[in-house]
Structure formats: C-alpha cells, structure tokens
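Trainee:
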Amino acid sequence: MYNYKNQVQIFIILILISSCKLVKNKINKDCTEPLSIEKGNYIFIEAESTNSDLKNWKLIKKSDKNFVFGASNNTYIEFMGNKPITGKPNSPLEYQFTAPKSGNFKLMLMSSKRLEGVRNDWCNDAFVKLSGDFQSANSFSKEVLEKDIKILQDGNDETPELQWNWASTAEKDRHVYSDFIYQLKKGEKYTLTLSGRSMRFSIDYIVLHDTNKFNDHQAKTNLQKINFSMGKVKNP
Ligand SMILES: [Ca+2]
Ligand SMILES: [Ca+2]
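Each residue of the sequence shown is one higher than the one before, starting from 24 at the first, in our numbering.
#1: Can we say the stretch 205-221 touches the stretch 186-197, given the rule of at least three CB pairs closer than 8 Å?
#2: Taking the alpha helix (DSSP H) that Leu168 belongs to, which residues open and close that run?
#3: Which runs of the beta strand (DSSP E) spanning at least 3 residues fall entirely within the stretch 99-152, listed in chain order?
#4: Under 8 Å, do Leu19 and Leu153 count as touching if we go by C-beta distance?
#5: Provide the residue span of the beta strand (DSSP E) that contains Asn188, from first to last.
#6: Give the DSSP bridge partners of Thr73, in chain order.
#7: Hey, out of Ser221, Asn74, Ile229, Leu231, whose CA is closest to Arg137's CA?
#8: Measure the alpha-carbon distance for Cys146 versus Ile108 and round it to whole angstroms.
#9: So, at 6 Å on beta carbons, what are the nonlocal neighbours of Met133 in its own chain, with the 5 sequence-adjacent residues on each side left out?
#10: Got a sec? Which residues, its chain only, sit under 8 Å from Asn127 by beta carbon, not counting five neighbours each side?
#11: Which residues in the same chain as Lys106 place their Cβ atom closer than 8 Å to its Cβ, once the five residues preceding and following it in sequence are excluded?
#12: Going by the DSSP bridge assignment, what does Gly219 pair with across the sheet?
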C-alpha cells in the first residue's frame, strides 16, 4: 500500500514537471517569434564582452556584495574611476558589431546607479561615440557622434538606485537633451566606444534597435521579454 502511494506521488510529480515544461516552451515561443534578434531588428551586446582592458571598470558577478539583481548573463561592469558627480572620459571600452541591415538604429544601455548616499542625479552617466560608415539620424552631426557625448539614465534623478534602468538620453550641451540614432549600412562594421564618466555607474548590456520597426516603448518591452525568454536574465 505504501509503495503504491509512492508511485502515485511520483507519477503526479512527473506530470507536473512535464506540464511546466510545456508552459515554459510556449511562453518562449510567444516571446521570441515575432521579435527575434536574428531578424535584425536589434543589435545586442553584453557590456562585459569587450576585448579592451577594463582599467577602472570593475567586473561584477553574482557573488559580489554589491551585485544588482537581474543582470543579463549575471554579469555587468561598474565604473570606479573619476568622482560620483562627474569626470572626463576615462577607461574607454570598444565594441565591434556588424549592421544586420540598413536602417536607423537607436542606442540604449541597460544601466544602474549606486549612490551610497550621494545626490540622485550622480553616478548615472557615461560617454559614448561611434566610428564607421554611418550617418547621423538625429539632431547631431556625424562629427559630433564620432566624439564622446554624455549618455545618462532616462528620467535622470527620478530613477531609483540599485535597479536596472534604461540610459538612452544624450546631453551634449548642459540641459539640452537628445538621443543617439545612427543610420547604419547592412554588412558594415562599426566600433562603439563606451567610456566612464561618473563613478559607481553600472552597465549590463548595450542595445541598438531599428527605429522604423519599433518605437522606444515597444523596443524596451520587447527586449526585456527576449532577455527573459532566452534565459539571459534569471528570476530570483
Ligand atoms: Ca549625472
Ligand atoms: Ca551583462
């Protein structure tokens, strides 16, 4: 009798496991099919996957005391040079990528700030520049986009610390805000350079999305779904 009950329990557990798997696969399918990275609507780069010397950027992993939960690949980089308020471009990191198709692509960073008691608008920015055969698709000239421009968290002082938030706002002149949109050519190689500005600013991944395909809100929502479905971001 005891053995029989055990067998029934095992059977029920097996059914539960297999049904969970079905549900999981279905969710993955729903999330990835209409918005796959392969279709070339996104260029996705882990911030930690650079061949450059990290210098003042620190690699942060799950075992680190200050790890901010939810990072893609469970790894990200935190800038530890300059000061929490600001500084000159420091510790440049290079990322090479090939445009999957011709079109206008907008740059966004998944980012986090660690204030340790300083003001809300500190620890929240970096610098970016792009080189290669591109044209500007926003208000900046190509020459401006080829030099370091400050990129800060969307919402500036309103974003909560120790959480992942988008950074896609450009600030070239004080309090004049724009974004980073590049007109890329299919098959061309580009180099994006990310440099530190304020201390304790972290970057998890870099993404460029096709602006003709998605607006900002759609791109942001889709990307978070893709990350979960591909297992890049782990649940607690
Ligand atoms: Ca700032
Ligand atoms: Ca990452």
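Idealized CB from N, CA, C, for every residue including glycine. All figures in this text were calculated on a predicted structure; none of them were measured in a lab.
Mentor: With the structure as the only source:
#1: no
#2: For Leu168, the enclosing alpha helix (DSSP H) starts and ends at 165-168.
#3: List check, beta strand (DSSP E) in window: 113-121, 126-136.
#4: The question about residue 19 has no answer, for the chain in this structure spans 24 to 259.
#5: It spans 188-194 - the beta strand (DSSP E) in which Asn188 sits, taken as one unbroken run.
#6: Residue pairing for Thr73: DSSP places it in no beta bridge.
#7: Ser221
#8: Roughly 6 Å between the two C-alpha positions.
#9: Trp187, Asp227, Tyr228
#10: Ala160, Ile204, Tyr205, Gln206, Leu207, Asp233, Thr234, Asn235
#11: Around Lys106: Ser221, Met222.
#12: DSSP, once it has assigned bridges, lists Asn113, Ala149 as partnering Gly219.
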